[in-house]
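Under our numbering, the first residue of the sequence shown is numbered 21, with each subsequent residue one higher.
No residue lacks a Cβ here, since even glycine has one placed at the ideal position from N, Cα and C.
This structure is a prediction, so every number in the text was calculated from the model and none was measured.
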Amino acid sequence: MSSSFSSDQVRARGDRKTGPGGPFATVLTPDETTGARSAVPGDRQVALRFARLTRDFWRGETARCAWLWTLLLAAGGILTVFANVTVNRWNGWFFDALERKDGHSALVAMAVFPVIVLVVAGLGVLILKSRETFQVHWRRWLTAKLVDGWVGDRRFFRLSLSGKEPANPEYRIADDVRWATEPIVDFAMGLLSSVITIVMFIEILWEIGGSLSLSWGESEITIPAYLVLAAILYAVIVTLLVTAVGRHLAGLIAQRTESEAGLRFALMRIRDHGEAIALARTETGERQAVAQSHGVLVLRWLSVIKQRARLTWITNGSSALVPIVPLLLAAPKYLAGEMTLGGVVQVAAAFVAVQNACNWLFDNFMRIAEWLAAARRVNELADALEEVEQEPPAQGLTVEDGPHDSLRLEAVTLHDGAGHALAADIGFVLPAGAVLHVAGDAGFAKNALMQAIAGLWQQGEGRIVLPHGARVATVPQHLQLPGIGLRHLLQGDRPRPAPEIAATLRRYGLSTLTARLDGEEDWNRSLTRAERQRLALARTELADPAIVLLDEATSALESDAALEILTELRAALPRAIIIAFGQSPGLAESASHRIMLRRIRGVAEIVEREGFTEPRIAATSEAL
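In structure tokens, the structure reads:
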């Protein structure tokens, strides 16, 4: 029997509380939480929810940094637009000089041009550095927020038990956070520049273009600011076409992203469970699962390609027309002598600038769709963590502190997610220093019982009373070690001097690791399974818990070695209550108390007990 959590999850009893005070308490209001999973939020709701999730970046400890880069970006964008206007007016100056064959003015214009180039280049460097630095800091902040929310207080485990866990939460943190933060900075910059560009270059179109008079028989029609009207009308037509053709693209991209995550998960499953798959010879099924996931991804990719092909008709057509339209519109006035060559060049450039600005949505349609898909996935993870955090405490099964140093279980009944009983009427009292061996064929019920004592399993009835202020350490059969320094891994939140850590490692047969305390390695690969189990027990000793839960914690050791290190653990923690689950070597031999669990009509019950002096415990409401 194995567990998905390890001895690093040692913590004080007071940390067991769940409620609205966690890191995601501000993500959703109570009204927003209700029915959050009953309907898929629209694009507007996705954007607003993501804004609420990330707004504290500009409020908390990172506010100074956030506002600094925000203001630098805004300033850079505004100055860039003014630089572009300057370039446009330089074009008019230079080409008018050429038309007049004014060599002096042309030479002055050419002398001024390098200064303009330097200014434009400098602004480009400023924007690049500000934008990418801002993106890095924002992504780091949001990643830390989600990681703290997912890993902190063991929410990753509670989320998996709740049935509300979104698919591939690790992918959402590692990749989707990037795609949800980086593009939006570009969007904000682009939108700001577009608004200012429209205002500045429309003025140029109005100033140079003026009105257009058309003769119709004996009457004459005058179109005021005709170039401005033409630019706006062109942009509106293109935007409407893009919106109509690409309205389904965001949803298709979201489905494609989900399929990519599913394929990655299927491949990671083979890597993480390679031994079990090889021994069971189920590689054919795994290959079929990967092929199925990839097949779904291909179909959704093809749907996106089909939709993008439709949009390409509009993009290519518009790209070909935009440079030509202003020239055609300005030609009558130029041929009539009402507009100079420099004016034609200015008008053409201004028309293109206004067009590009008006078509900001059009140009960023694909990126917006991808951003919405990523933001939706990040929101789903944050909302799921919020729901788990705000779950009301279990009504039946209670885990609480007691005034004494004993562990007390009173008529504990455990249920699965569907409400079916796993174990019933589990009751006993363990004094300080007791070692309980739990045996039997109870299957998953033993795992649920261990998790209930650790404060993870909340579905059931009865009462679990822990020693006052107890810290609980769980040592799983398969310990997964993070790739951090061994010293930090061993001491956790309870710093220990190096000599004490080294002495502990030697007692548990790990003297070779004393020289690697400050090294960072992939400990899951560099250490054998037996070494990882020894390391877990050494780590437990350093944590100094009041309750130790051993889940097949010596399965990789020989009987003599297992009994030896369990004796070391017992000597180091004489007052700790140790509960050993399973049949691993040394567990039964070192026990002072024993219980046997048997499944009776599918429900685990205690059928034998040994070493207990108190009578069988029934539920009681009396204060201890």
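Alpha-carbon spacing of residue i relative to residue j, whole angstroms
i: residue 605; j: residue 282; result: 39 angstroms
i: residue 132; j: residue 103; result: 13 angstroms
i: residue 539; j: residue 499; result: 19 angstroms
i: residue 380; j: residue 215; result: 10 angstroms
i: residue 23; j: residue 568; result: Note on residue 23: pLDDT 36, under 50, position unreliable in the model; the coordinate value appears next. Rounded to whole angstroms, residue 23 to residue 568 spans 14 angstroms at the Cα level.
i: residue 370; j: residue 175; result: 55 angstroms
i: residue 633; j: residue 279; result: 58 angstroms
i: residue 118; j: residue 354; result: 15 angstroms
i: residue 425; j: residue 208; result: 59 angstroms
i: residue 297; j: residue 541; result: 26 angstroms
i: residue 168; j: residue 248; result: 52 angstroms
i: residue 626; j: residue 66; result: 51 angstroms
i: residue 562; j: residue 441; result: 37 angstroms
i: residue 407; j: residue 300; result: 38 angstroms
i: residue 115; j: residue 367; result: 12 angstroms
i: residue 138; j: residue 342; result: 28 angstroms
i: residue 232; j: residue 111; result: 23 angstroms
i: residue 531; j: residue 450; result: 34 angstroms
i: residue 338; j: residue 258; result: 8 angstroms
i: residue 445; j: residue 469; result: 12 angstroms
i: residue 476; j: residue 390; result: 37 angstroms
i: residue 358; j: residue 374; result: 22 angstroms
i: residue 387; j: residue 378; result: 17 angstroms
i: residue 202; j: residue 529; result: 49 angstroms
i: residue 109; j: residue 318; result: 50 angstroms
i: residue 145; j: residue 228; result: 32 angstroms
i: residue 70; j: residue 135; result: 42 angstroms
For residue i: DSSP bridge partner residues
i: residue 236; result: 239
i: residue 540; result: 505
i: residue 482; result: 417
i: residue 207; result: None; residue 207 has no bridge partner.
i: residue 448; result: 429
i: residue 458; result: 601, 615
i: residue 567; result: 492, 597
i: residue 443; result: 434, 624
i: residue 630; result: 614
Collapsed DSSP secondary structure at residue i in the structure displayed
i: residue 601; result: strand
i: residue 625; result: strand
i: residue 342; result: coil
i: residue 385; result: helix
i: residue 176; result: helix
i: residue 49; result: Low per-residue confidence applies at residue 49: pLDDT is 36, beneath 50, and the placement is therefore not dependable, though the value from the model is reported in the following sentence. Correct three-state label for residue 49: coil.
i: residue 619; result: strand
i: residue 613; result: strand
i: residue 590; result: helix
i: residue 301; result: coil
i: residue 261; result: helix
i: residue 81; result: coil
i: residue 250; result: helix
i: residue 547; result: coil
i: residue 358; result: coil
i: residue 314; result: helix
i: residue 525; result: helix
i: residue 438; result: coil
i: residue 409; result: helix
i: residue 467; result: helix
i: residue 573; result: coil
i: residue 245; result: coil
i: residue 500; result: coil
i: residue 530; result: coil
i: residue 184; result: coil
Integer-rounded CB distance, given that residue j should sit under 8 angstroms from residue i
i: residue 179; j: residue 74; result: Not a contact, Cβ separation roughly 21 angstroms.
i: residue 629; j: residue 614; result: 7 angstroms
i: residue 577; j: residue 610; result: About 13 angstroms separates the two Cβ atoms, so there is no contact after all.
i: residue 571; j: residue 524; result: That belief does not hold up - the Cβ atoms of residue 571 and residue 524 are roughly 21 angstroms apart, past 8 angstroms.
Below-8 angstroms beta-carbon distance, residue i vs any chain C residue
i: residue 546; result: Of the protein chains in this structure there is only one, and it is not chain C.
Hey, is the region 271 to 289 in contact with the region 304 to 319, meaning 3+ C-beta pairs nearer than 8 angstroms? yes
When the Cβ atoms of the region 267 to 282 are set against those of the region 320 to 335, are three or more pairs found closer than 8 angstroms? Contact between the region 267 to 282 and the region 320 to 335 is present, because at least three Cβ pairs lie under 8 angstroms.
Could you tell me whether the region 112 to 124 touches the region 91 to 98, using the rule of 3 or more Cβ pairs below 8 angstroms? no
Say whether the region 594 to 608 touches the region 456 to 463, bearing in mind that this needs 3 or more beta-carbon pairs closer than 8 angstroms, one atom from each stretch. yes
Assess contact between the region 145 to 159 and the region 71 to 87, defined as three or more Cβ pairs (one per stretch) separated by less than 8 angstroms. Is contact present? yes
Quick one: any contact between the region 469 to 487 and the region 419 to 434, if contact means 3 or more CB pairs under 8 angstroms? In short, these stretches touch, since the Cβ pair count reaches three.
For the 8 angstroms Cβ check, are there 3 or more pairs between the region 550 to 560 and the region 506 to 526? yes
Say whether the region 186 to 193 touches the region 392 to 404, bearing in mind that this needs 3 or more beta-carbon pairs closer than 8 angstroms, one atom from each stretch. Put simply, the region 186 to 193 touches the region 392 to 404. At least three CB pairs are less than 8 angstroms apart.
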